[in-house]
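In terms of our numbering, the first sequence opens at residue 1 and continues consecutively.
We put the CB at the ideal spot given by N, CA and C, even for glycine.
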Amino acid sequence: MTSLSQIENKWRKRWEEAKIFEADPDESKTKCMVTFPFSYMNGPLHVGHGFTATRVDVYARYKRMQGYNVLFPWAWHWTGETIAGASERVKAGDEILIRAFREVDGVSEEHLKKFVDPVYMAKYYTDDSRESVKRLGYSVDWRREFHTTSLYPTFSKFVEWQCERLREKGYIIKGTYPVVWCPHDQSPTGDHDRQTGEGVIPEEYILMKYKMEDGTILPSGTFRPETIYGITNIWINPDSDYVKAKVNGETWIVSKTAAGKLAEQQKTVEILENFKGKEIIGKHFTSPLSTRKMLVLPGWFVSPDNATGVVYSVPAHAPFDFLALRDLQNNPELLKDFNIDPTEVQAIKPISLISVEGFGECPAVELVDQMGVKDQHDPKAEEATKTLYKKEFHGGKLKQICEKYAGKPVSRIKDILIDDFKEKGIADSMYDLPEPVVCRCMTPCQVKLLKEQWFIKYSDPTWKQKTKETLAQAKIYPDSARQWFLNIIDWLKEWPCARRSGLGTALPWSPGWIVETLTDSTVYMAFYTINKHLKQYKITGEQLPFEVFDYIFYGKGDIQKISETTKIPTNQLQEMRNEFLYWYPVDLRVSAKELLPNHLTFFLFQHTALFPDHLPKGVGVNGMLSVEGKKMSKSKGNFVTLKTALNEFGADATRCALLLGGEGMNDPDWRRETVGDIKTKLNGFVSLAQNILDKANQPDHGHLEQWLIGVLQERTKIVTENLEQLKTRTALENALFEIWNDFRWYIRRKGHFKSDTLKSALETWLKLLSPFAPHICEELWSKLGHTDFVSLAAWPVYDETKVNIQAEETENLTKNVMDDTSNILKATKMTPKKIYYYAAAPWKWKVYLTALKKSADGNIVVGALMKELMSNPDLKAVAGKVAKFAPTLVQEINRMPEDMKQKQLQVAELNETELLETSQEFFAREFNAKVFSFQEDSQDIVDPQSKAKFAKPYRPAIYIE
RNA sequence: GCGGGGGUCGCCGAGCCAGGUCAAAGGCGCAGGCUUCAGGAGCCUGUCCCGUAGGGGUUCGUGGGUUCGAAUCCCACCCCCCGCACCA
Numbered sequence: 001m002t003s004l005s006q007i008e009n010k011w012r013k014r015w016e017e018a019k020i021f022e023a024d025p026d027e028s029k030t031k032c033m034v035t036f037p038f039s040y041m042n043g044p045l046h047v048g049h050g051f052t053a054t055r056v057d058v059y060a061r062y063k064r065m066q067g068y069n070v071l072f073p074w075a076w077h078w079t080g081e082t083i084a085g086a087s088e089r090v091k092a093g094d095e096i097l098i099r100a101f102r103e104v105d106g107v108s109e110e111h112l113k114k115f116v117d118p119v120y121m122a123k124y125y126t127d128d129s130r131e132s133v134k135r136l137g138y139s140v141d142w143r144r145e146f147h148t149t150s151l152y153p154t155f156s157k158f159v160e161w162q163c164e165r166l167r168e169k170g171y172i173i174k175g176t177y178p179v180v181w182c183p184h185d186q187s188p189t190g191d192h193d194r195q196t197g198e199g200v201i202p203e204e205y206i207l208m209k210y211k212m213e214d215g216t217i218l219p220s221g222t223f224r225p226e227t228i229y230g231i232t233n234i235w236i237n238p239d240s241d242y243v244k245a246k247v248n249g250e251t252w253i254v255s256k257t258a259a260g261k262l263a264e265q266q267k268t269v270e271i272l273e274n275f276k277g278k279e280i281i282g283k284h285f286t287s288p289l290s291t292r293k294m295l296v297l298p299g300w301f302v303s304p305d306n307a308t309g310v311v312y313s314v315p316a317h318a319p320f321d322f323l324a325l326r327d328l329q330n331n332p333e334l335l336k337d338f339n340i341d342p343t344e345v346q347a348i349k350p351i352s353l354i355s356v357e358g359f360g361e362c363p364a365v366e367l368v369d370q371m372g373v374k375d376q377h378d379p380k381a382e383e384a385t386k387t388l389y390k391k392e393f394h395g396g397k398l399k400q401i402c403e404k405y406a407g408k409p410v411s412r413i414k415d416i417l418i419d420d421f422k423e424k425g426i427a428d429s430m431y432d433l434p435e436p437v438v439c440r441c442m443t444p445c446q447v448k449l450l451k452e453q454w455f456i457k458y459s460d461p462t463w464k465q466k467t468k469e470t471l472a473q474a475k476i477y478p479d480s481a482r483q484w485f486l487n488i489i490d491w492l493k494e495w496p497c498a499r500r501s502g503l504g505t506a507l508p509w510s511p512g513w514i515v516e517t518l519t520d521s522t523v524y525m526a527f528y529t530i531n532k533h534l535k536q537y538k539i540t541g542e543q544l545p546f547e548v549f550d551y552i553f554y555g556k557g558d559i560q561k562i563s564e565t566t567k568i569p570t571n572q573l574q575e576m577r578n579e580f581l582y583w584y585p586v587d588l589r590v591s592a593k594e595l596l597p598n599h600l601t602f603f604l605f606q607h608t609a610l611f612p613d614h615l616p617k618g619v620g621v622n623g624m625l626s627v628e629g630k631k632m633s634k635s636k637g638n639f640v641t642l643k644t645a646l647n648e649f650g651a652d653a654t655r656c657a658l659l660l661g662g663e664g665m666n667d668p669d670w671r672r673e674t675v676g677d678i679k680t681k682l683n684g685f686v687s688l689a690q691n692i693l694d695k696a697n698q699p700d701h702g703h704l705e706q707w708l709i710g711v712l713q714e715r716t717k718i719v720t721e722n723l724e725q726l727k728t729r730t731a732l733e734n735a736l737f738e739i740w741n742d743f744r745w746y747i748r749r750k751g752h753f754k755s756d757t758l759k760s761a762l763e764t765w766l767k768l769l770s771p772f773a774p775h776i777c778e779e780l781w782s783k784l785g786h787t788d789f790v791s792l793a794a795w796p797v798y799d800e801t802k803v804n805i806q807a808e809e810t811e812n813l814t815k816n817v818m819d820d821t822s823n824i825l826k827a828t829k830m831t832p833k834k835i836y837y838y839a840a841a842p843w844k845w846k847v848y849l850t851a852l853k854k855s856a857d858g859n860i861v862v863g864a865l866m867k868e869l870m871s872n873p874d875l876k877a878v879a880g881k882v883a884k885f886a887p888t889l890v891q892e893i894n895r896m897p898e899d900m901k902q903k904q905l906q907v908a909e910l911n912e913t914e915l916l917e918t919s920q921e922f923f924a925r926e927f928n929a930k931v932f933s934f935q936e937d938s939q940d941i942v943d944p945q946s947k948a949k950f951a952k953p954y955r956p957a958i959y960i961e
């Protein structure tokens with residue numbers, strides 16, 4: 001007996017030999033290009049990759065069977081710093097990492113030694129993963145395979161072309177950008193590289209330049225620059241270290257730590273003097289917007305590590321400022337050390353500048369009272385600050401005192417105001433971290449302004465708008481992800497698209513920069529269309545100047561000239577152009593939802609910019625696969641590679657288990673035990689099919705055969721509709737379990753396997769199941785005597801004429817009668833000797849159908865119904881009975897769903913009597929009892945307990961003894 | 001905090017948008033039975049509680065509301081997952 005794994009190997013080999021997944025342009029067929037985002041080769045593919053990729057493959061196989069010319073290409077991502085970093089760590093002897101390679105990925109010592117070379121590592125995992133992809137039976141055209149980075153020169157050229165064209169369109173710009181920076185590593189510290197401070201991002205403080213009498217500037221950091229109109233004083237922490245420094249040519253006083261930060265932010269900083277804060281307390285200064293003299297006061301709450309360590313006070317609108325001021329006014333002795341005249345402090349009054357609904361002159365004062373905040377050390381002070389900030393920002397309007405900004409809402413005027421102030425030279429800005437960040441190397445991080453950084457301008461409003469149009473014309477599976485895309489498109493800002501280190505393609509115009517990983521993975525699907533030729537004709541990277549790509553993708557340029565300069569024959573150029581035009585755009589791209597906010601959205605943006613005539617047609621998003629209920633991770637020990645899964649369960653079981661895990665954006669879960677169960681189930685399917693193959697040889701075309709063929713039509717419809725929506729789980733559930741149940745019922749009713757209708761039904765079943773479990777379907781298909789592949793068989797088409805509602809309703813009735821009978825037996829705990837069934841009398845059917853018809857125009861009312869019934873002379877003859885019977889139907893029918901009514905109306909009067917008679921044998925077999933059936937009002941009725949009168953259409957009466 | 005997706009009878013999950021076919025599909029697991037027995041598999045029954053006649057009771061994160069009627073609609077709250085940027 002052949003084992004499942006032998007079967008899988010056999011068919012994989014046959015597919016490969018027959019090259020059935022190699023797709024070339026064919027004008028007679030509609031094309032369909034499906035893609036899976038290439039995965040990063042710093043480790044083996046795992047079952048999470050398998051989940052998404054299997055969905056792609058199922059769709060590909062389904063479409064192929066529908067007669068589409070399907071292209072499913074594959075590639076590998078090597079770009080970035082992670083592989084290089086891992087390689088470094090192997091070199092450094094990182095035990096944790098090495099153990100993960102050894103134990104989780106199953107890398108042998110011999111290979112592991114060579115992992116000090118990042119390229120070796122990438123190649124190793126690529127080979128390893130390719131094996132898994134093939135074993136899973138994915139219907140990939142391998143002729144188009146490649147990997148990224150400069151190590152694949154033709155692809156590298158493509159990326160250069162992509163960047164160059166983006167830059168021409170003005171979508172790549174140079175700029176400076178604040179990053180969280182580790183001074184030790186001399187590199188940006190991303191979230192995952194942090195010891196503490198995850199999620200912390202640099203915030204921009206506006207520095208308002210207040211002037212002391214000697215011209216020295218006190219740059220005071222704030223998020224609320226409009227409050228400059230309400231300043232009353234400045235706070236300095238008397239005990240902290242401050243410096244006087246030349247900053248960009250001006251003399252500033254800032255905290256000592258702030259001086260260090262400013263130096264990293266594109267400012268020249270030269271320290272002139274060190275001193276404690278108390279030395280400048282008591283001095284006077286002026287606001288650049290007025291001549292009023294104000295005091296520098298002691299504020300112990302001021303942190304020298306936050307922005308400049310210089311804080312200006314707006315007691316009318318900032319609870320902390322009000323509290324600190326009140327403390328000083330109430331405790332004049334605090335001022336003793338500073339040589340300040342207490343009366344001058346007493347005279348300070350809050351200055352109101354924002355009006356906000358629900359508050360009077362000084363919201364901060366009122367709120368502090370309302371909330372009962374005691375002093376500046378009260379934790380409620382922080383809460384009050386936040387509350388007021390929100391209220392004033394969203395609902396506040398500037399008052400008369402704010403001069404030309406008066407009357408404007410705070411939320412709308414803020415950015416304008418900042419620009420104005422900066423332009424006038426009275427404001428500057430700096431970045432700082434709202435919370436401390438410490439790098440993995442234990443070094444505290446700070447903000448650095450990176451200059452000469454290259455960005456993709458995803459912030460561009462026109463580009464955003466066009467990308468939204470791209471999104472609008474694309475199908476999104478599930479459609480609920482659409483809103484998320486829209487939000488991300490709005491939210492996206494400039495994206496740094498080049499890095500200094502790692503593997504990748506050099507930025508063509510700026511040596512020393514390498515194209516970043518999320519940038520070389522946005523439009524590469526276009527490269528699939530031509531890579532077949534590049535390989536076949538051994539075209540090198542040198543032969544691919546930008547003009548070649550311009551010709552292939554845009555049809556631009558003179559083909560003769562290009563051919564001359566590149567030595568690529570014109571026919572080859574022409575072929576590539578045709579191939580691109582044939583396959584593009586991408587019809588479907590699927591990824592897990594974690595990639596939606598970056599990769600998938602970039603994919604839409606860049607196609608919008610570079611391939612506006614070939615916009616993506618479909619994007620699928622699915623959940624994240626967890627393992628045994630937890631997020632998969634190497635360190636948690638629940639990392640399952642595809643190789644492991646394949647070794648244990650084989651391809652078909654792995655595929656089915658993954659798909660049955662979930663669909664939509666729900667997160668499926670991989671449980672070893674469940675996968676095993678599914679493998680068992682598939683074995684069961686094979687033996688059931690084998691049974692049919694062995695026994696189903698007699699022609700038989702009765703009522704039950706019509707029923708089976710009919711329900712298979714419905715299953716076909718459901719599976720097809722769901723696959724169309726990429727609802728792979730529901731589709732598989734129907735293709736496997738529901739159809740199985742149909743077969744079960746049929747075989748049960750027949751009591752044997754002999755009918756050859758089973759064989760033709762099995763044929764349909766195999767087709768519907770083959771996208772999911774292609775190997776076993778292929779095997780059984782051949783056992784049915786086919787010499788072709790089920791993978792290429794024509795997908796079943798729903799045929800309405802084969803649907804037999806009469807047969808369906810009959811079988812439904814049979815099931816109902818059975819259920820009712822068992823229910824009675826269960827309740828009475830009796831063992832039946834004789835069972836009597838009584839079909840409803842013809843006049844009841846008339847009443848029932850009349851009521852049903854009437855309910856088509858809305859709910860029926862008893863009175864109206866009766867009236868109509870009595871107009872029928874037949875019914876009028878039994879008026880008494882009708883009057884009793886009809887009302888019992890009203891509620892039942894009113895609640896019936898529309899499609900059920902429709903079906904029953906279509907069937908009209910079901911011949912229950914005949915059905916019960918022909919099924920007597922079946923019921924007798926099922927219940928192991930003698931079965932009799934009668935019509936309610938027949939002459940020879942045997943009805944010992946007078947049960948017959950309870951009969952209703954679709955609900956025969958029952959008596960059991 | 002913001003944005004997206006969720007919370008259903010042991011487990012996985014359908015149903016919810018368009019309220020009554022809903023004690024709520026299907027699968028798995030479990031229990032009993034039948035077949036078979038080389039192993040596996042197949043088939044049937046049961047699986048919230050009660051019930052000697054096809055019935056009744058209590059359920060769909062929590063608390064309210066709308067309705068003749070709510071798993072489904074509205075409001076509030078709680079919990080889980082994903083993303084929040086120089087990182088693949």
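So for residue i, helix, strand or coil by DSSP?
{"i": "Phe146", "result": "strand"}
{"i": "Cys32", "result": "strand"}
{"i": "His786", "result": "coil"}
{"i": "Arg500", "result": "coil"}
{"i": "Gln265", "result": "coil"}
{"i": "Arg672", "result": "helix"}
{"i": "Asp432", "result": "strand"}
{"i": "Glu452", "result": "strand"}
If residue i sits next to residue j, beta carbons under 8 Å apart, how far is it from one beta carbon to the other, in whole angstroms?
{"i": "Val368", "j": "Phe421", "result": "Not quite, the Cβ-Cβ distance comes to about 28 Å (not below 8 Å), so this is no contact."}
{"i": "Asn632", "j": "Gly48", "result": "Per the sequence shown, residue 632 should be read as Met rather than Asn. Right, the Cβ-Cβ distance comes to about 6 Å (below 8 Å), so this counts as a contact."}
{"i": "Phe605", "j": "Trp463", "result": "7 Å"}
Note down the Cα distance separating residue i from residue j, rounded to an integer number of angstroms.
{"i": "Tyr62", "j": "Tyr124", "result": "32 Å"}
{"i": "Asn248", "j": "Phe51", "result": "56 Å"}
{"i": "Phe685", "j": "Phe753", "result": "15 Å"}
{"i": "Ala731", "j": "Glu383", "result": "52 Å"}
{"i": "Asp667", "j": "Met430", "result": "42 Å"}
{"i": "Gly221", "j": "Ala381", "result": "19 Å"}
{"i": "Arg729", "j": "Gln370", "result": "56 Å"}
{"i": "Gly230", "j": "Lys211", "result": "16 Å"}
{"i": "Arg955", "j": "Thr674", "result": "40 Å"}
{"i": "Cys777", "j": "Lys750", "result": "25 Å"}
Return the residue from the list the options that minimises the CA-CA distance to residue i.
{"i": "Asp4", "options": "Leu136, Ile234, Gln265", "result": "One point to set straight first is that residue 4 is Leu, not Asp, in the sequence displayed. Checked all of Leu136, Ile234, Gln265; the closest Cα to Leu4 is Leu136."}
{"i": "Glu892", "options": "Lys903, Val882, Ala851", "result": "Ala851"}
{"i": "Gln935", "options": "Tyr836, Gln706, Tyr458", "result": "Tyr836"}
{"i": "His317", "options": "Val803, Gly880, Lys386, Phe603", "result": "Lys386"}
Please list, in chain order, all residues of the same chain as residue i whose beta carbon is under 7 Å from its beta carbon, the five residues on each side excluded.
{"i": "Asp305", "result": "Thr257"}
{"i": "Gly395", "result": "Val356, Glu357"}
What residues in its chain sit with their C-beta under 8 Å from that of residue i, if we drop five residues either side in the sequence?
{"i": "Met1", "result": "Low confidence applies to Met1: its pLDDT is 42, below 50, so where it sits in the model is not reliable, and the reading given next is rough at best. Excluding sequence neighbours, Met1 sits near nothing in its chain."}
Less than 6 Å between C-beta atoms, sequence neighbours within five positions excluded: which residues of the same chain meet that for residue i?
{"i": "Met442", "result": "none"}
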